[in-house]
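Data first, discussion second: the structure below is written as structure tokens.
There are 2 protein chains.
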Amino acid sequence: MSGSDKRQRGGERREQILEVALQLFAQHGMAHVSTRQIAQAVGISQPSLYAHFRTAHEISAELCIRAFETLYRRSIEVMAQPGTPLEQFRRLGRAYVDFGLDHPDMYRLAFMLEPPEAVSALVQQGKDPAMEAGESAFGVLRTVLARMLDADDETVELNAQSIWASVHGLTSLLIARPHFAWVDRERLIEHHLNRICAQID
Amino acid sequence: MSGSDKRQRGGERREQILEVALQLFAQHGMAHVSTRQIAQAVGISQPSLYAHFRTAHEISAELCIRAFETLYRRSIEVMAQPGTPLEQFRRLGRAYVDFGLDHPDMYRLAFMLEPPEAVSALVQQGKDPAMEAGESAFGVLRTVLARMLDADDETVELNAQSIWASVHGLTSLLIARPHFAWVDRERLIEHHLNRICAQID
DNA sequence: CCCGACAGGCTATCATTGATAGGTTGGCGG
DNA sequence: CCGCCAACCTATCAATGATAGCCTGTCGGG
Numbered sequence: 000m001s002g003s004d005k006r007q008r009g010g011e012r013r014e015q016i017l018e019v020a021l022q023l024f025a026q027h028g029m030a031h032v033s034t035r036q037i038a039q040a041v042g043i044s045q046p047s048l049y050a051h052f053r054t055a056h057e058i059s060a061e062l063c064i065r066a067f068e069t070l071y072r073r074s075i076e077v078m079a080q081p082g083t084p085l086e087q088f089r090r091l092g093r094a095y096v097d098f099g100l101d102h103p104d105m106y107r108l109a110f111m112l113e114p115p116e117a118v119s120a121l122v123q124q125g126k127d128p129a130m131e132a133g134e135s136a137f138g139v140l141r142t143v144l145a146r147m148l149d150a151d152d153e154t155v156e157l158n159a160q161s162i163w164a165s166v167h168g169l170t171s172l173l174i175a176r177p178h179f180a181w182v183d184r185e186r187l188i189e190h191h192l193n194r195i196c197a198q199i200d
Numbered sequence: 000m001s002g003s004d005k006r007q008r009g010g011e012r013r014e015q016i017l018e019v020a021l022q023l024f025a026q027h028g029m030a031h032v033s034t035r036q037i038a039q040a041v042g043i044s045q046p047s048l049y050a051h052f053r054t055a056h057e058i059s060a061e062l063c064i065r066a067f068e069t070l071y072r073r074s075i076e077v078m079a080q081p082g083t084p085l086e087q088f089r090r091l092g093r094a095y096v097d098f099g100l101d102h103p104d105m106y107r108l109a110f111m112l113e114p115p116e117a118v119s120a121l122v123q124q125g126k127d128p129a130m131e132a133g134e135s136a137f138g139v140l141r142t143v144l145a146r147m148l149d150a151d152d153e154t155v156e157l158n159a160q161s162i163w164a165s166v167h168g169l170t171s172l173l174i175a176r177p178h179f180a181w182v183d184r185e186r187l188i189e190h191h192l193n194r195i196c197a198q199i200d
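The listed protein sequences derive, respectively, from chains B and C.
Each residue of the first sequence is one higher than the one before, counting from 0 in numbering that gives the first Met the number 0.
Each residue of the second sequence is one higher than the one before, counting from 0 in numbering that gives the first Met the number 0.
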């Protein structure tokens with residue numbers, strides 16, 4: 000290998016690349032940012048990126064992981080606030096939707112694109128970090144739901160997956176089809192969460 | 000322009016290309032099929048494709064439209080069958096999920112990918128055919144829901160969008176994350192539809 | 001004080017992708 | 001018989017992610 004593996008170094012160049020990439024992604028959309036654009040914005044040559052990341056996907060995957068760590072953190076915060084389990088549950092759903100709308104590219108990467116396309120590099124290491132990060136948040140949902148339902152684990156899991164699907168559905172559709180003739184977004188989100196909550200107890 | 004516009008011809012070459020492309024898409028996944036592969040499978044040169052389609056996207060968009068026309072047709076069939084509106088509604092939801100799972104690439108194209116990426120060529124003509132086809136099916140949902148709710152149009156629309164989001168959520172997650180630790184798929188789908196139906200009356 | 005190791009970067013270069021330019025051919029109507 | 005034109009073809013682009021191999025500045029040990 001030409002430049003040896005330096006990815007494990009705490010390097011600030013790597014950090015700088017991630018910052019620049021995040022900004023470019025937010026600006027032009029992840030799909031329309033090339034490695035050359037990132038390199039130029041950083042001020043290095045395009046091949047130099049590969050001294051810090053093995054593939055282009057690894058950059059977005061790394062950003063995705065970090066984004067979902069913030070979702071997880073926010074979920075924990077939400078759960079720490081006082082209120083009935085139902086209120087907590089509702090806030091959790093709201094936090095999830097808001098997260099998706101705040102980080103559409105990361106959300107797409109984690110839950111809307113093909114896994115191989117998104118994180119093949121890391122999946123080959125035996126793990127899917129984006130999923131892991133996302134599933135941490137799913138674990139929070141599972142927990143609060145268990146507290147509410149008082150049912151066996153399998154039933155809790157069944158409900159958790161179904162509810163996740165509902166919340167994801169709205170989030171992902173708003174991301175993927177922003178030009179659809181949606182009713183007022185705020186009203187739709189609230190109504191959607193109402194429907195889901197009403198279902199529970 | 001080199002070869003003038005021949006796309007409007009009823010040509011069977013065009014049809015043959017679509018057939019071959021569909022098969023390759025199903026086999027390797029749409030994202031991993033190049034125009035050269037399609038051309039070779041058809042038995043023509045890669046540039047010759049552009050005599051029948053303006054862009055590569057146009058091929059997938061065309062297939063997508065056709066797929067969604069079958070969804071629309073199936074929706075109509077479902078509605079024609081006897082039963083209470085709730086029964087019809089439930090069958091409609093089931094048909095929708097089944098459609099997505101049967102045509103994951105087309106579903107992805109219509110509702111999970113960025114519109115520009117998917118159908119930019121046709122959107123530039125002022126219309127998004129994939130969406131149009133999908134929305135025909137959405138119209139069926141709106142209709143049956145209006146029959147059930149007996150509410151003003153805006154409320155019907157609000158509920159229709161929320162319900163669509165829920166059903167889409169499960170469909171798209173099963174497509175995008177087939178390796179997630181799902182509970183039994185059949186049970187999950189049925190439970191999900193139950194939750195949605197229970198919400199309605 | 002020099003010198004090897006090496007992190008970090010560079011230029012040159014690939015293969016693959018979608019797409020365009022422009023020439024060739026073969027059948028069909030006037 | 002001629003010319004049109006649909007349907008091809010080859011050659012070629014530009015952009016993309018990725019690799020090979022060379023150069024350089026810094027830093028610790030002899």
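Beta carbons: idealized from backbone N, C-alpha and C, even for Gly.
Between the stretch 76 to 95 of chain B and the stretch 53 to 66 of chain B, the count of Cβ pairs shorter than 8 Å is below three; the stretches do not touch. Taking a beta-carbon distance threshold of 7 Å, C:V32 does not count as an interface residue toward chain B. None of the residues of the stretch 74 to 96 of chain B has a beta carbon lying less than 7 Å from any beta carbon of chain C.
If you draw a 10 Å sphere on the C-beta of C:E185, you find fewer than 16 other C-beta atoms in it, and that means exposed.
Contact between B:V32 and B:L91 does not hold, since the beta-carbon distance rounds to 32 Å and is not under 8 Å. Flagged as an interface residue toward chain B: C:H190, by a C-beta distance shorter than 7 Å. Residue-level contact by beta carbon holds for C:E156 and chain B, with a gap shorter than 7 Å.
Per DSSP, the continuous alpha helix (DSSP H) segment holding C:P103 begins and ends at P103 to F110.
Contact between C:F110 and C:R73 fails: their C-beta atoms lie close to 17 Å from each other, not under 8 Å.
Judged by their CB atoms, B:R194 and C:S161 are nearer to each other than the 7 Å cut-off.
Within its own chain, the residues whose Cβ lies closer than 8 Å to the Cβ of B:L148, once the five positions on either side in sequence are excluded, are T154, V155, N158 and I199, listed in chain order.
When DSSP states are grouped into helix, strand and coil, C:P177 belongs to the coil group. The criterion of a C-beta distance shorter than 7 Å is satisfied by B:H102 and B:A66. In the three-state DSSP reduction, B:G133 falls in the helix class (H, G or I). In the DSSP assignment, B:F67 falls within the unbroken alpha helix (DSSP H) covering A55 to A79. Counting only the Cα atoms, C:L169 lies some 10 Å from C:L100. A Cβ-Cβ contact shorter than 7 Å links C:F24 with C:D104. Contact between C:V166 and C:V96 is confirmed by a C-beta separation of about 6 Å, below the 8 Å threshold. A check of alpha carbon separations from C:R13 across C:M29, C:L108 and C:S47 identifies C:S47 as the nearest.
When only Cα atoms are considered, C:A197 and B:F137 end up about 24 Å apart. A straight-line Cα-Cα distance of about 36 Å links B:E134 and C:I58. Residues of the same chain with a CB within less than 6 Å of the CB of C:I188, apart from the 5 flanking positions on each side, are V96 in chain order. In this structure, B:R141 is the residue among B:R141, B:A150, B:A145 and B:L173 with its C-alpha nearest to the C-alpha of B:W163. Interface criterion not met: the Cβ of B:V143 is under 7 Å from no Cβ in chain C. Proximity to C:Q22 across C:I37, C:G10 and C:L192 peaks at C:I37, based on C-alpha coordinates. Against chain B, the CB of C:H167 has a partner CB under 7 Å away; the residue lies at that interface. Judged by DSSP in its simplified three-state form, C:E113 adopts coil rather than helix or strand.
B:R194 reaches chain C at S161 and Q198, counting residues in chain order whose Cβ is nearer than 7 Å.
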